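Please read the structure below before turning to the comments.
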Amino acid sequence: MLGFADLPARIDALAAEQDQLGVVLLDAFGWAFVQRHADHPFLKGLEIEPMRSQFPSTTTAHLTTLYSGLPVTEHGLYEWRCFEPVVGDVIRPLRFAYADRDEPLTIAPAELFPWPSRCAGATVLQPAQIADTPYGSAAFAGATIIPFETIEEGAARLGALPGLTFLYWDAIDATGHREGPSSQAFVDASLRALDALATVKTPLLVTADHGQLDVHTTDHLDLFWPEVTRHLTRPPAGSARDLFLHVDDPDTVVRELQARLEHRAEVRLAHELFEQLGPRLRDRLADVCVLPAPGRMVGLTSAPSPERRFKGHHGGLTPEESETWIGIQA
Numbered sequence: 135m136l137g138f139a140d141l142p143a144r145i146d147a148l149a150a151e152q153d154q155l156g157v158v159l160l161d162a163f164g165w166a167f168v169q170r171h172a173d174h175p176f177l178k179g180l181e182i183e184p185m186r187s188q189f190p191s192t193t194t195a196h197l198t199t200l201y202s203g204l205p206v207t208e209h210g211l212y213e214w215r216c217f218e219p220v221v222g223d224v225i226r227p228l229r230f231a232y233a234d235r236d237e238p239l240t241i242a243p244a245e246l247f248p249w250p251s252r253c254a255g256a257t258v259l260q261p262a263q264i265a266d267t268p269y270g271s272a273a274f275a276g277a278t279i280i281p282f283e284t285i286e287e288g289a290a291r292l293g294a295l296p297g298l299t300f301l302y303w304d305a306i307d308a309t310g311h312r313e314g315p316s317s318q319a320f321v322d323a324s325l326r327a328l329d330a331l332a333t334v335k336t337p338l339l340v341t342a343d344h345g346q347l348d349v350h351t352t353d354h355l356d357l358f359w360p361e362v363t364r365h366l367t368r369p370p371a372g373s374a375r376d377l378f379l380h381v382d383d384p385d386t387v388v389r390e391l392q393a394r395l396e397h398r399a400e401v402r403l404a405h406e407l408f409e410q411l412g413p414r415l416r417d418r419l420a421d422v423c424v425l426p427a428p429g430r431m432v433g434l435t436s437a438p439s440p441e442r443r444f445k446g447h448h449g450g451l452t453p454e455e456s457e458t459w460i461g462i463q464a
C-alpha cells in the first residue's frame, strides 16, 4: 500500500505533467470518512486509493514530511510534543513553543526546520490564524503565502491560481477533537469542505494526514503506578493517543506499566514502533510509548493537558487513526 512518505514523489510526478495543480490536505479526514461520504459527488469524481499514515498518526509528522520531502524517520519531528536537542527541552514544533507553557522558542525557525522547502516557488494557502507562524516561515520559505478565512474562499483561490498550490484545512480535525468524529458537527465540517472542493474544476491531489476515533476515557499512568514519575527524565512527549516517555529504565517502565494497565493500553519500547531510526529521530525519540486501546487516552496527573477534554483524537495505530488516502482530479 502507498505510504504518506511516498506522497512528495507523487506530487512531483503530477506537477511535472500539469501547468496547474492544487494539493489539498484535509486534516483528519482519513479513509474511514472517505468511506462514510463515498457517495459525495466530489469524492465520486476522484481517482482514489487508500494510503497508510506514518507513525505516529499526527499532523506534525505529516506536514513536515509534506513540506520537507523527508519521512518522519529522517526529519525527526514526530509528534505534537517532542524533545528538541537544540532547545534541550520538549517542545510543540508547530506552535514553536515549549510543551508545558506558551513561551516561544528562542531559536531560529530554520534550526527547527533546516531543509529547503518543497513549497519554494509555489503558492501556499493557509487558514488565516496560522498563515504567519515561525514554523511556517521555514517550512514555506520561498513560497507565496496567502491567508484565507473559510474553506469556500480557499477553494475559490485554489482554482484560480496557476502553477503548484498547497492548501491546508484544519477545521475538520478541530471539530473532531471538540465534538468527536461520530458527531453531526464532524459530518457537517466534512461536508462543507467537500462541497467547497467540488467547485474546483482544475487538477487536484487531495489527501489527509490521518483519521480520528472517538475517545471517552483517560487513564492516568501515575495513578496506576505512582513510581513512574520517579523514572521520568523529561516531560512527556507525544499525545494522549501515543504518549511517549523519556525514562531512566525503559525495560522496567514497560514491564510495570503493562502489568498494571492490562487491556487498557499497549506499552512498548518506542524504537520498536519504527522500521528504522534516522539520526534526527534517534536524537529526539523518547524511550517508551504507551498506546491506549480504542476509545481511551492516557496521561499523567503531573502533566495536565487540554487533551483530557477531547472527544476525538489520533496518534495511534488503529485503522481509524492510521488509514488515509489520496485522490486525484485530472
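Residue numbers (our numbering): 135 to 464. Ideal Cβ placement from N, Cα and C applies to all residues, glycine included. Every value quoted in this text rests on a predicted model; they were computed, and no experiment measured them.
### Message
Considering only their Cβ atoms, is the gap separating F274 from S251 smaller than 8 Å?
### Response
yes
### Query
Taking the alpha-carbon positions, what's the D376 to G270 distance?
25 Å
#### Entry: Continuous alpha helix (DSSP H) stretch holding Q392: start and end
384-395
### Query
At a cut of 8 Å, does the segment 405-425 reach the segment 380-396 through at least three beta carbon pairs?
yes
### Message
By the three-class DSSP mapping on this structure, what secondary structure does P142 have?
### Response
helix
### Task
Could you say which of R430, S316, H405, D304 lies nearest to R398 if we only look at CA atoms?
R430
### Message
Please state the DSSP three-state secondary structure of V349.
### Response
coil
#### Entry: Euclidean distance between Cα positions of A330 and A290
8 Å
### Task
Take the Cβ of R215 as the centre, count every other Cβ of all protein chains shown within 10 Å, and call the residue buried at 16 or more, exposed below.
By the neighbour-count rule (16 or more Cβ atoms within 10 Å), R215 is buried.
### Task
Determine the closest residue to V340 out of D417, A244, G449, T458, with distance taken between C-alpha atoms.
T458
### Query
Under the three-state reduction of DSSP, which class applies to W459: helix, strand or coil?
strand
### Message
What residue range does the alpha helix (DSSP H) around P219 cover?
### Response
Note, P219: premise wrong, no alpha helix (DSSP H); not H, not E.
### Extent of the continuous beta strand (DSSP E) to which A399 belongs
399-403
### Coil, strand or helix - R416 by DSSP
helix
### Message
Ignoring anything shorter than 3 residues, give me the beta strand (DSSP E) runs that lie fully in the segment 286-351, in order along the chain.
### Response
297-303, 338-341
### Query
Apart from the five residues just before and just after I145, which ones in its own chain have a Cβ nearer than 7 Å to its Cβ?
V157, L339
### Query
Out of curiosity, what's the CA-to-CA distance linking P426 and A308?
21 Å
### Message
Classify P428: buried if its beta carbon has 16 or more other beta carbons within 10 angstroms, exposed otherwise.
### Response
exposed
### Query
Does DSSP put L358 in a helix, in a strand, or in coil?
Position check: residue 358 holds Phe in this sequence, whereas Leu was assumed. In the structure shown, F358 sits in a helix (DSSP, three-state: H, G or I).
### Task
Using only alpha-carbon positions, find the residue among T198, L160, G345 that is nearest to G449.
G345
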